[in-house]
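Enquirer:
Number of protein chains: 2
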Amino acid sequence: MATAARPAPLDRAAWIRGAFAIVADDGFDGLRVEALAKRLKVTKGSFYWHFKDRDDLFAAVLSEWRDSRIADIRKQTAAQPGQELAALHHTIDVYAAARNRKGIAIEAGFRLWARQDAATAAVVEEVDAERLACTCRLFRVLGLGETEAAARSVLLYAYVFGYSMMQCGRFAMDAAAVKDWIGRQIATG
Amino acid sequence: MATAARPAPLDRAAWIRGAFAIVADDGFDGLRVEALAKRLKVTKGSFYWHFKDRDDLFAAVLSEWRDSRIADIRKQTAAQPGQELAALHHTIDVYAAARNRKGIAIEAGFRLWARQDAATAAVVEEVDAERLACTCRLFRVLGLGETEAAARSVLLYAYVFGYSMMQCGRFAMDAAAVKDWIGRQIATG
DNA sequence: AGCAACCCATACGGTATCGTATGGAGTCTG
DNA sequence: CAGACTCCATACGATACCGTATGGGTTGCT
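Here the protein sequences come in this chain order: A and B.
Just so you know, we're using the working numbering here: the first sequence kicks off at 1 and counts up by one.
Just so you know, we're using the working numbering here: the second sequence kicks off at 190 and counts up by one.
(1) Taking only beta-carbon positions, decide if Val33 of chain A is within less than 8 Å of chain B.
(2) Quick one: what's got a C-beta closer than 7 Å to Met190 of chain B's C-beta in the same chain, skipping five residues either side?
(3) Return the chain-ordered list of same chain residues with a C-beta closer than 7 Å to the C-beta of Ala213 of chain B, the five sequence neighbours on each side being excluded.
(4) Cβ of Gly351 of chain B within 8 Å of Cβ of Gly162 of chain A?
(5) Using a Cβ-Cβ cut-off of 8 Å (strictly less than) and excluding sequence neighbours within five positions of Asp128 of chain A, which residues of its own chain qualify?
(6) Pick out the complete beta strand (DSSP E) segments inside the segment 202–245 of chain B, 3 residues or longer, and give them in chain order.
(7) Against Ala310 of chain B, what residues of chain A qualify as contacts under a CB-to-CB distance less than 8 Å, listed in chain order?
(8) Considering Gln80 of chain A, what are the terminal residues of the alpha helix (DSSP H) in which it resides?
(9) What residue ranges within the segment 88–175 of chain A form continuous alpha helix (DSSP H) runs of no fewer than 4 residues, ordered along the chain?
(10) Does any CB atom of chain A fall closer than 8 Å to the CB of Thr192 of chain B?
(11) With a threshold of 8 Å, are at least 3 pairs of Cβ atoms found where one atom belongs to the segment 145–153 of chain A and the other to the segment 359–372 of chain B?
(12) Does the segment 230–244 of chain B come within contact of the segment 272–285 of chain B, defined as at least 3 CB pairs closer than 8 Å?
(13) Hey, how far is the Cα of Val124 of chain A from the Cα of Pro81 of chain A?
(14) Going by DSSP in three states, Asp11 of chain A sits in which element: helix, strand or coil?
(15) Count Cβ pairs between the segment 201–210 of chain B and the segment 245–265 of chain B that sit closer than 8 Å; are there 3 or more?
(16) Assuming Val343 of chain B and Ile182 of chain A form a contact by the criterion Cβ under 8 Å, report the distance between their Cβ atoms to the nearest whole angstrom.
(17) Output the distance between the C-alpha atoms of Thr377 of chain B and Phe328 of chain B, rounded to the nearest integer angstrom.
(18) Using a cut-off of 8 Å between C-beta atoms, extract the partners of Thr336 of chain B located in chain A.
(19) Under a CB-based cut-off of 8 Å, is Gly109 of chain A close to chain B?
(20) In angstroms with no decimal places, state the Cα-to-Cα distance between Arg145 of chain B and Ala224 of chain B.
(21) List, in order along the chain, the chain B residues whose C-beta lies closer than 8 Å to that of Phe161 of chain A?
(22) Would you please verify whether the beta carbon of Leu36 of chain A is less than 8 Å from any beta carbon of chain B?
(23) Could you tell me whether the Cβ of Val313 of chain B comes closer than 8 Å to any Cβ of chain A?
(24) For Ala376 of chain B, does the three-state DSSP call read helix, strand or coil?
(25) For Glu253 of chain B, which residues from the same chain have a beta carbon less than 6 Å from its beta carbon, with the 5 sequence-adjacent residues on both sides left out?
(26) Taking only beta-carbon positions, decide if Ala8 of chain A is within less than 8 Å of chain B.
(27) If the cut is a Cβ gap below 8 Å, which residues of chain A does Leu331 of chain B touch?
Below you can see the structure in the form of structure tokens.
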């Protein structure tokens, strides 16, 4: 049967996945309807079947980002009793990892966009609140007070985001030792 | 004398100032030739007199940003002997200030753009190296070792950048106490 | 087979923006 | 005053993108 392998029909989820891929590669500027369609090897006609317009896609991408980020932080900070400190260091390592640069580009894109769009700002705020709450809980289990747990949580995320946006290539330092020192400073054993 | 107050002719510097204003308000996306001309109450014809093309403007903006950021960090970290710790806390306060959000939008824009443009990446790297060197020098004067001085410098900038990109509004915390705790953690007295 | 629902291609009008071409008003200079 | 130089307006072609209109091919169901 020479069924010429018709490509599987796309659904909304596939379009959203493609949108994330474009944002990761080219930034939010590259997220154009026709460019996305080309990447998925179809035409605009298909896009406007699945989405009302470009804003509809944006909203879907934003919603997907929200859900995936909240699910991810809950997973990363889910610690067995007695393993809270290890979970914190694990979270720092994962989020500050060099391989996470695409994710950081998406983060930064959303946060810049949030400056101009209230709905996006609300989602970013929600994600940040959840992340802070997750690590704050771990710090509190470790016996820290309210303020110090909150402060360490804020420092943790500010560090991982900020570090990912820096270009330290020209600054002479022992990167491993520096990251190690910072990790201990944020989550003390 | 009814000299009808002809507007002063623009020069390159005025265009670059306008470009920064647009980037701060609308992000890099808003930095279009015609929009910028409209803001300066002239037409494109003027723009293409002062600049070869859009990339020429971008390059000029990038160069101006580089120079101003390097001059600024040198000014902020210029400490009288014995005042190094105060200078560090001053730097943290200035860069992490809420009123600095426009500057942060520009920072983030350049750093995202740097992901796609090697020249921009080189400038960001240069600025970061200078900033790290400036604070690193202060930490070393305070008697810290090489690695710890480098680590505290990295943590300092990662924190101020990262914190500016977070939306902590929904996270219940004593913001002042948290910032105070973090400041002490980065630059210990 | 017939019909409906799903998925997509094509063609079109409309807008925004880039860069160029060209001319003109004002100013400076010999 | 004549010409050169500076700075800007206007008009134009070209491109990229949005969203719509419309039709066609597939699949599943009856």
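Just so it is clear, CB atoms sit at the ideal spot from N, CA and C, and this is done for glycine as well.
Expert: Looking at the atomic coordinates:
(1) As a working note, residue 33 of chain A is residue 33 in the first sequence. Chain B contact via Cβ: absent.
(2) Stepping through the second sequence from its first residue, residue 190 of chain B is reached at position 1. At Met190 of chain B the pLDDT is 41, less than 50, meaning the model places this residue with poor confidence and gives no usable figure here.
(3) Taking the first residue of the second sequence as position 1, residue 213 of chain B is located at position 24. Counting only Cβ-Cβ distances below 7 Å, and skipping sequence neighbours, we find Lys291, Ala294 and Ile295.
(4) Counted from its first residue, the second sequence places residue 351 of chain B at position 162. Counted from its first residue, the first sequence places residue 162 of chain A at position 162. Yes, they are a contact pair.
(5) The residue given as residue 128 of chain A occupies position 128 in the first sequence. Contacts found: Tyr157.
(6) none
(7) Counting from one through the second sequence, the residue named residue 310 of chain B turns up at place 121. Under the 8 Å cutoff, chain A gives Gln167.
(8) Counting from 1 along the first sequence, the entry for residue 80 of chain A is found at position 80. Careful: Gln80 of chain A lies outside any alpha helix (DSSP H) and carries neither H nor E.
(9) 101–114, 118–141 and 146–164
(10) What you label residue 192 of chain B is simply residue 3 of the second sequence in a count that begins at 1. Unreliable positioning characterises Thr192 of chain B in this predicted model, as indicated by a pLDDT of 42, which lies under 50. A coordinate reading is not provided.
(11) yes
(12) no
(13) For the purposes of this step, residue 124 of chain A is taken as the residue at position 124 of the first sequence. For the purposes of this step, residue 81 of chain A is taken as the residue at position 81 of the first sequence. Near 30 Å, if we compare the C-alpha coordinates of Pro81 of chain A and Val124 of chain A.
(14) The residue labelled residue 11 of chain A in the question sits at position 11 within the first sequence. Three-state DSSP puts Asp11 of chain A in coil, outside helix and strand.
(15) yes
(16) By 1-based counting over the second sequence, the position of residue 343 of chain B is 154. By 1-based counting over the first sequence, the position of residue 182 of chain A is 182. Sure, about 7 Å apart at Cβ, within 8 Å.
(17) In the second sequence, counting from the first residue as 1, residue 377 of chain B sits at position 188. In the second sequence, counting from the first residue as 1, residue 328 of chain B sits at position 139. Each residue's alpha carbon lies about 10 Å from the other.
(18) As a position in the second sequence, residue 336 of chain B is number 147, starting the count at 1. Within chain A, the residues near Thr336 of chain B are Met173, Asp174, Ala177, Val178 and Trp181.
(19) For this step, residue 109 of chain A is matched to residue 109 along the first sequence. It does: the Cβ of Gly109 of chain A has a partner Cβ on chain B nearer than 8 Å.
(20) Outside the shown range of chain B, which is 190 to 378, sits residue 145 of chain B, and nothing can be said about it.
(21) Taking the first residue of the first sequence as 1, we reach residue 161 of chain A at position 161. By Cβ distance, chain B contributes Ala347, Phe350, Gly351, Met354 and Met355.
(22) Locating residue 36 of chain A in the first sequence gives position 36, where the first residue counts as 1. Judged by the 8 Å Cβ criterion, Leu36 of chain A is not in contact with chain B.
(23) Within the second sequence, numbered from 1, the residue matching residue 313 of chain B stands at position 124. Judged by the 8 Å Cβ criterion, Val313 of chain B is in contact with chain A.
(24) Working through the second sequence from its first residue, we reach residue 376 of chain B at position 187. In this structure, Ala376 of chain B counts as coil in the three-state DSSP scheme.
(25) Working through the second sequence from its first residue, we reach residue 253 of chain B at position 64. Excluding positions up to five away in sequence, the list reads Ile205.
(26) Counted from its first residue, the first sequence places residue 8 of chain A at position 8. For Ala8 of chain A, the answer is no, since every Cβ of chain B falls outside 8 Å of its Cβ.
(27) Translated into the one-based positions of the second sequence, residue 331 of chain B becomes position 142. Here the premise fails: no neighbours, minimum Cβ distance about 16 Å.
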